[in-house]
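I have placed the structure first, in the form of structure tokens, so that the comments after it can refer back to it.
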Amino acid sequence: MPGQRPVTVRDRIEHRWARRRLNDYVDGGLTARQRSRVERHAGICPECGPLLRALVELVRALSQLGVLPERSVAPAVITRLRGEHGPHH
Amino acid sequence: MHRRGEPGLEAPGATPDEQLAERARDGDRSAFEELVRRHADRLYAVILRFTASADEAEEATQEAFLRAWRSIGGFEGRSQFFTWLYRIGINEAKRRVQRGSVEPPTASVEQEPLQELPDSSEGPQARAELNDLRGELQAAVRALPFKYRAPLILRDVEGLSTAQAAEIMGLREAAFKSRLHRARLAVRRALDEHYPA
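Chains as they are written, first to last, in this note's numbering: chain A, -15 to 73; chain B, 30 to 226.
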């Protein structure tokens, strides 16, 4: 694009490095230094920036799906267990 | 429906799961019943993600605990009790999926570029779309093949650590993460079809 500096070999290396670590970034599996490196790259990369935001949004949305039943299933499980003999070894 | 706490994190002063499991191994049924009270509802919620109905999920949960009770002698305390239990539960869910419960069309897990979700700050229309998002998200997760759905459920929905979830699946962490990452991409791609850029 006009006005953009050419993509260098170093840019491509950085892109590959960061692209492979986006999920680990979301999962908190990077060191502070690695996190900063991913954030710096995502801040300027037209692919990694949106992908990282998409992953963060997705994981946040998924975390809202987990809920417990209104009525506990434990009593029915216990009733069924009481019909069983002792554990087998 | 209620939000859930962490499995393996007992209330202060409560007997640790592993001590109850040891007593259950020695035949103490009441100790095992306490473990049921602690873990049944959350295990049910996990299994529900794989079954065709709530009734089937309840039955599968009962089966999982029966299997756990019958094989409690095999729990040696090398892992947390709940990861051992959840592994039994996931295997029960997998059996039901393989037995041919009605399953929606499976989503592709091939890698393709992603797009962002609609911005919630953009007004009423975007907010209405976000209200639909939950339903679409549930459907997209359910469309995943079992080997990708399970990691996503355990890690991203249930909030287990990578180590815990990988242990439940019987996978090395690297293999688990690979499946999880592909699952995330597949779900995002399914959502992109409903929220095109």
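Even for Gly, the Cβ is constructed at its ideal location relative to N, Cα and C. The structure displayed is predicted, hence computed values, not measured ones.
Measure how close the beta-carbons of residue i and residue j come, nearest whole angstrom, since I'm counting them as under 8 Å.
| i | j | result |
| --- | --- | --- |
| Gln167 of chain B | Leu49 of chain A | 7 Å |
| Ala50 of chain B | Phe94 of chain B | So it is not a contact: roughly 13 Å between Cβ atoms. |
| Ile117 of chain B | Ala86 of chain B | 15 Å between Cβ atoms; not a contact. |
| Ala26 of chain A | Ala2 of chain A | 7 Å |
| Leu36 of chain A | Tyr9 of chain A | 7 Å |
| Ser56 of chain A | Asp221 of chain B | Their Cβ separation, rounded to whole angstroms, is 38 Å, which puts Ser56 of chain A and Asp221 of chain B out of contact at 8 Å. |
| Ala195 of chain B | Glu187 of chain B | Rounded, the Cβ-Cβ distance is 13 Å, inconsistent with contact. |
| Ala74 of chain B | Pro59 of chain A | Their Cβ separation, rounded to whole angstroms, is 16 Å, which puts Ala74 of chain B and Pro59 of chain A out of contact at 8 Å. |
| Arg44 of chain A | Val22 of chain A | No, Arg44 of chain A and Val22 of chain A are not in contact; Cβ-Cβ is about 18 Å, not under 8 Å. |
For the alpha helix (DSSP H) that contains residue i, what are its first and last residues?
| i | result |
| --- | --- |
| Gln91 of chain B | Ala83 to Arg99 |
| Val(-7) of chain A | Val(-7) to Arg3 |
| Leu46 of chain A | Cys32 to Ser47 |
| Arg54 of chain B | Asp46 to Arg54 |
| Val75 of chain B | Arg58 to Leu77 |
| Thr63 of chain A | Ala58 to Leu65 |
| Gly42 of chain B | Here Gly42 of chain B belongs to no alpha helix (DSSP H), and DSSP marks it neither H nor E. |
| Ser108 of chain B | Element bounds for Ser108 of chain B: n/a, residue is neither H nor E. |
| Leu181 of chain B | Phe175 to Leu181 |
| His25 of chain A | Ala16 to Ala26 |
| Thr80 of chain B | Unbroken run through Thr80 of chain B: none, as it is neither H nor E. |
Taking residue i as the query, report the chain A residues whose CB atoms sit under 9 Å from its CB, ordered along the chain.
| i | result |
| --- | --- |
| Leu162 of chain B | Ala45 |
| Gly188 of chain B | Ser47 and Gly50 |
| Thr44 of chain B | Near Thr44 of chain B there are no residues of chain A at all, since even the closest Cβ is about 17 Å away, more than 9 Å. |
Could you tell me which chain A residues have their CB closer than 7 Å to the CB of residue i, listed as they occur along the chain?
| i | result |
| --- | --- |
| Phe94 of chain B | Val61 and Leu65 |
| Arg66 of chain B | Ala58 |
| Asp84 of chain B | Those do not exist, as Asp84 of chain B stays about 11 Å from chain A at its closest Cβ, beyond 7 Å. |
Could you tell me which chain E residues have their CB closer than 7 Å to the CB of residue i, listed as they occur along the chain?
| i | result |
| --- | --- |
| Leu42 of chain A | In the structure shown, chain E does not exist; the protein chains are A and B. |
Closer than 7 Å by beta-carbon distance: list the chain B residues that pair up with residue i, in chain order.
| i | result |
| --- | --- |
| Leu39 of chain A | Arg213 |
Residues of chain B with a CB under 9 Å from the CB of residue i: which are they?
| i | result |
| --- | --- |
| Pro30 of chain A | Ordered by position in chain B, no residue passes the 9 Å Cβ test against Pro30 of chain A, which lies about 11 Å from the chain. |
Quick one: which chain A residues come within Cβ less than 8 Å of residue i?
| i | result |
| --- | --- |
| Arg71 of chain B | Leu52 |
| Thr15 of chain B | Given that chain B is displayed from residue 30 to residue 226, the structure contains no residue 15 of chain B and the question cannot be resolved. |
Using a Cβ cut-off of 8 Å, pull out every chain B residue sitting near residue i, in sequence order please.
| i | result |
| --- | --- |
| Glu68 of chain A | Leu95, Trp98 and Arg99 |
Open item on the list: With three or more C-beta pairs closer than 8 Å as the rule, is the region 57 to 65 of chain B touching the region 161 to 176 of chain B?
Closed with: no
TODO: Inspect the CB distances between the region 13 to 32 of chain A and the region 51 to 65 of chain A and report whether three or more fall short of 8 Å.
DONE: no
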